[in-house]
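Right, one structure below, let's go through it.
Protein chains: 2
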Amino acid sequence: MANLISVAKLAGVSRATAARAFSSPENLRPETHRRVMEAARALGFRPNKVAQQLRTRATLMLGVMVPSLDNPVFAEQLQAMEEAARAAGYSLIVTTSGYDPGREEAIVEEMLRQRVDGLALTVAEADHSAVLVKLRRESTPCLLVHNPPVAPCFPSVGVDNRAAMADATRYLIARGHRRIGMIGGPLLQSDRARLRHEGYREAMEAAGLTPLALIEMPRHTQVALSRLEPALGGAEGLTAVLCTNDLLAISLIGELRRSGRSVPGDLSVMGFDGIELGRHLYPSLSTVVQPRAEFGRVAVDTLLALIRGATPQPLPLPHVLREGESAGALPASRQAPEPYDP
Amino acid sequence: MANLISVAKLAGVSRATAARAFSSPENLRPETHRRVMEAARALGFRPNKVAQQLRTRATLMLGVMVPSLDNPVFAEQLQAMEEAARAAGYSLIVTTSGYDPGREEAIVEEMLRQRVDGLALTVAEADHSAVLVKLRRESTPCLLVHNPPVAPCFPSVGVDNRAAMADATRYLIARGHRRIGMIGGPLLQSDRARLRHEGYREAMEAAGLTPLALIEMPRHTQVALSRLEPALGGAEGLTAVLCTNDLLAISLIGELRRSGRSVPGDLSVMGFDGIELGRHLYPSLSTVVQPRAEFGRVAVDTLLALIRGATPQPLPLPHVLREGESAGALPASRQAPEPYDP
DNA sequence: TGACGCCATGAGATCGATCTCATGGCGTTC
DNA sequence: GAACGCCATGAGATCGATCTCATGGCGTCA
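Top to bottom, those sequences are chains G and L. Positions 1 to 342 (full-length UniProt numbering) are the ones given, in order, by the first sequence. Positions 1 to 342 (full-length UniProt numbering) are the ones given, in order, by the second sequence.
See below:
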């Protein structure tokens, strides 16, 4: 493939001049510039970014790691990040960790070798993450996405998970629910899920209600109804359930209806994330929306700021409660027998 | 950052020897190897892939372009591709085109400059794609994903869209449906959608039924029920609808139920793609499953074969009809008044 | 007309690896 | 003990750009 040397030769100039035709045409004689460009076109010259990257020590590439692309929340975030990065002239190397710390380490090592200009990571466990310990010693700018900010080490982009879930909980309480549970994926894999559970607990306690332990599902994407059944039965059963993400909520609604229950009649269900699909379902999903498009934009902007040497302290992004049809007011028939106590 | 020169210096060997410690340790004296590795560790040496790429003229990077990550079918395929690529030692540069030919061109040009070893593209319109015309003149191996194979130029990985939709259509016909329609996103943006419509038409005609024109929705991800209403009304209204993708089907089901209709009671709905979520909904989605995991694996394997210089001719991947609850037998009450005609 | 300075261009080093080929040491064989 | 060959290592070129600094030409001004 044609390189600058052959272009320079054909145009009858030096490599330096040929290079200048692309990087700073304004200080070439117009005639010279024209000759070089013509030679480039004739040879089908295409600048080699690898050589540029080596020489300039900047790759204009960002490394992105998410747990999985099977969850639309990550896919939608990635979509936004890609657009923002492209607009700024950056490319994305995309990887999935499957919540596996070993894979996280291998991926990050690989990306550092690739000399990405910056990393945007969503790790399973920000506070015990081996990969973050390692990165603290490296000079490559690193941003956490979705993970709660850990120590003062890495800036983090995301909503305030605790406050967001507290809002969702209060929403249910305000609609008359008293026996509210929460389900989530494997706890060990997600610091977010834990924070969300804390928000739930806080809001419950603030209302004088008893928070329950998180009901753990084997996966992040699909409920096993059997694990929830015990909590549903009888007059003392739950009347509302919060889910740590939308996929669980959607799956839960499906399972409930398949088992003959109605939503929100028999159980109100709230999700978390606000994936696009949730709006279109019936019943449409009541959920806490993380602003995905803004997410991607802010993540990329913040990372680029880090790369430029700034020390941005991004604020938590605002979450929005989206009222759907899956969570409703407590039916009169299920009013708790407990005495009213303001 | 430490480079091979400094490692060599510290270990008291030449650069060549230091390099050999990593690439072919077996022909170094064990003692020498140990000294180099120790020096590398002491300096925190990390091989620079950019330099390797320049020298070896192989980047071990694949360029992936999909229309959008908002549609889980692409996200899930990407997930599978990423895993397959990683297993083979390759990284993925991921981009989204938004079905925009201009963006497609810019993206491909960018990736060629990056000297990716191969390209896996899902283009909007394979047969009038400017980007493919350009690529035909380039030497970078290129694979189409989802797009129907175009001429003998580029191998293509995907299901047989026409046959798959014909199967789905026959499935509905076998369950007694006669007035079957089809909806899709903007036709101009998807050669797949067109092929699927052809499959539908074929199957309808083969059964002596009248195929209808595709009812076009403004987006690929969401139905506008108003556009369908005219076809639904009255005794002569449709009893079943095929959708060009699952998102449309899901959205359609939601809208129908919101408007007081039942699925499949009032209308049977079939999707296409088989995204994971469809299983968990209620009613669960009847759909044509494209084997996503296999998709990614086959796409990467085929592309790697191309890179190695082979000329693979991948077969269409097998599709599977997944029976869900959203498509059922035609209710007796809606039997067509037309005479029985075997 | 000579000195000065700007402007366009070229020569050569550099980024950090890999790869080929040369070389010196040492063991083997007759 | 001389010739041979293998093995470990080193020297230098190379991939394809960028960047600094040197240089020659030309216009300007005194």
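Even glycine gets a Cβ: it sits at the ideal position worked out from N, Cα and C.
query, result
"Taking the straight line between their C-alpha atoms, what separation do you get for residue 325 of chain G and residue 248 of chain G?", "16 Å"
"Classify residue 191 of chain G: buried if its beta carbon has 16 or more other beta carbons within 10 angstroms, exposed otherwise.", "buried"
"What are the boundary residues of the beta strand (DSSP E) that residue 180 of chain L is part of?", "180 to 184"
"Just to confirm, is the Cβ distance from residue 61 of chain G to residue 91 of chain G under 8 Å?", "yes"
"The alpha helix (DSSP H) with residue 191 of chain L in it runs from where to where?", "191 to 206"
"For a quick check, are the C-beta atoms of residue 216 of chain L and residue 187 of chain L less than 8 Å apart?", "yes"
"Starting from residue 96 of chain G, find everything on chain L with Cβ-Cβ shorter than 8 Å and list it in chain order.", "79, 82, 83"
"Here's the rule: buried if 16 or more other CB atoms are within 10 angstroms of the residue's CB, otherwise exposed. What is residue 133 of chain L?", "exposed"
"Are the beta-carbon atoms of residue 183 of chain G and residue 252 of chain G separated by less than 8 Å?", "yes"
"Any residues in the UniProt domain \"HTH lacI-type\" (2 to 56) of chain L with a beta carbon nearer than 7 Å to a beta carbon of chain G? Which ones, in chain order?", "46, 47, 48, 49, 50, 51, 53, 54"
"Starting from the beta carbon of residue 284 of chain L, find every residue of chain G whose beta carbon is closer than 9 Å, and list them in chain order.", "254, 258"
"Less than 8 Å separating the beta-carbons of residue 349 of chain L and residue 280 of chain G?", "Because chain L in this structure spans residues 1 to 342, residue 349 of chain L falls outside the shown range and cannot be described."
"List the endpoints of the continuous alpha helix (DSSP H) containing residue 399 of chain G.", "Look at the range of chain G in this structure, 1 to 342, and you will see that residue 399 of chain G is not part of it."
"For residue 51 of chain L, which three-state DSSP category applies?", "helix"
"Is residue 108 of chain G helix, strand or coil by DSSP?", "helix"
"Check whether the Cβ of residue 287 of chain G lies closer than 8 Å to any Cβ atom in chain L.", "no"
"If we ignore side chains and look at the alpha-carbon of each, how far apart do residue 44 of chain G and residue 115 of chain L end up?", "14 Å"
"Reducing DSSP to helix, strand and coil, say where residue 341 of chain G ends up.", "With a pLDDT of only 48 at residue 341 of chain G, under 50, the local geometry of the prediction cannot be trusted, and no value is derived from it."
"Please name the residue in G:246, G:124, G:241, G:271 whose C-alpha comes closest to that of residue 265 of chain G.", "G:241"
"Run down chain G in chain order and give the residues with a C-beta less than 8 Å from the C-beta of residue 162 of chain L.", "Ordered by position in chain G, no residue passes the 8 Å Cβ test against residue 162 of chain L, which lies about 27 Å from the chain."
"Based on Cα-Cα distance, which residue from L:220, L:315, L:303 lies nearest to residue 271 of chain L?", "L:220"
"Just checking my contact of residue 298 of chain G with residue 319 of chain G at CB under 8 Å: how many whole Å lie between their CB atoms?", "That belief does not hold up - the Cβ atoms of residue 298 of chain G and residue 319 of chain G are roughly 13 Å apart, past 8 Å."
"So is residue 322 of chain G in contact with chain L if we call contact Cβ pairs under 8 Å?", "no"
"What three-state label does DSSP hand residue 214 of chain L in the structure shown?", "coil"
"Alpha carbon to alpha carbon, how far is residue 244 of chain L from residue 172 of chain L? Give it in angstroms, no decimals.", "15 Å"
"Please decide whether residue 328 of chain G counts as near chain L, where near means a Cβ-Cβ distance under 8 Å.", "no"
"Suppose only complete runs of 4+ residues qualify. What are the alpha helix (DSSP H) ranges in the stretch 137 to 182 of chain L, listed by chain order?", "161 to 174"
"Let me know if residue 137 of chain L comes out buried or exposed under the rule of 16 or more other beta-carbons within 10 Å of its beta-carbon.", "exposed"
"Mind checking who residue 120 of chain G pairs with in its DSSP beta bridge?", "G:64, G:143"
"Using a Cβ cut-off of 7 Å, which residues of the stretch 62 to 77 of chain G contact any Cβ in chain L, in chain order?", "68, 69, 70, 72, 75, 76"
"With DSSP collapsed to three states, give me the class of residue 94 of chain G.", "strand"
"Pull up the distance between the alpha-carbon of residue 364 of chain L and that of residue 204 of chain L, whole angstroms please.", "Coverage of chain L is limited to positions 1 through 342, which leaves residue 364 of chain L absent and any answer about it impossible."
"Skipping 5 residues on each side, what residues in its chain have a beta carbon closer than 7 Å to that of residue 321 of chain G?", "167, 168, 171, 288"
"Could you tell me how far apart the beta carbons of residue 419 of chain L and residue 238 of chain L are, in whole angstroms, since I believe they sit closer than 8 Å?", "Residue 419 of chain L is absent from the model: chain L starts at 1 and stops at 342."
"Would you verify that the beta carbon of residue 226 of chain L is, or is not, closer than 8 Å to some beta carbon of chain G?", "no"
"Along chain G, which residues have their Cβ under 9 Å away from the Cβ of residue 93 of chain L?", "61, 91, 92, 93, 94"
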